[in-house]
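A.B. asks:
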Amino acid sequence: MLITLYSTEGCHLCEQAYRLLVEEGVQEHVQVIDIAFDDVLFLRYGVTIPVVSISSEASTAAADAASDDNSLSISELGWPFDRADLAVWLKNNGFN
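My numbering puts the first residue of the sequence shown at 2, with every later residue one more than the last.
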């Protein structure tokens, strides 16, 4: 599984969120996406970053196949969150 951290350059809250991911030992599963270079992501996350999202190859393929299907849900955790919140969210999404 892959954890996506939606972020942008100079975002101190995003840096804090990344540190929490490192503290939880999942940094090898994290990809950081800078929303500044994608209009769709900027509209969606521009005022809510940092946001972490769980995806996997299966859910990514499903998302691609059903991009117009509003019933598809992706697990996201938006700021503010602390290490305890993140740990629970990770456990609920298959990270132990």
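Idealized CB from N, CA, C, for every residue including glycine.
Just mark residue 75 as buried or exposed, buried being the case when its beta carbon has 16 or more other beta carbons within 10 Å.
C.D. replies: Translated into positions along the sequence shown, residue 75 becomes position 74. Under this definition residue 75 is an exposed residue.
A.B. asks: Give every residue of the same chain whose Cβ lies closer than 7 Å to the Cβ of residue 18, excluding the five residues on either side of it in the sequence, and list them in chain order.
C.D. replies: For the purposes of this step, residue 18 is taken as residue 17 along the sequence shown, with counting starting at 1. Result list for residue 18: 6, 51, 53 and 80, in chain order.
A.B. asks: Who are the near neighbours of residue 35 in its chain, counting only those whose CB is closer than 7 Å to its CB and skipping five residues on each side?
C.D. replies: Reading the sequence shown from its first residue, position 34 is the one you call residue 35. Excluding sequence neighbours, residue 35 sits near 8, 9 and 10.
A.B. asks: Using beta-carbon positions only, say whether residue 14 and residue 56 come within less than 9 Å of one another.
C.D. replies: The count along the sequence shown starts at 1 and reaches residue 14 at position 13. The count along the sequence shown starts at 1 and reaches residue 56 at position 55. The answer is no: Cβ separation not under 9 Å.
A.B. asks: Measuring CA to CA, which of 49, 44, 40 and 88 is closest to residue 12?
C.D. replies: Start at 1 with the first residue of the sequence shown, and residue 12 comes out as number 11. The shortest C-alpha separation from residue 12 is found at 49.
A.B. asks: Residues bridged to residue 35 by DSSP?
C.D. replies: Looking up residue 35 in the sequence shown gives position 34. Its beta-bridge partners are 8.
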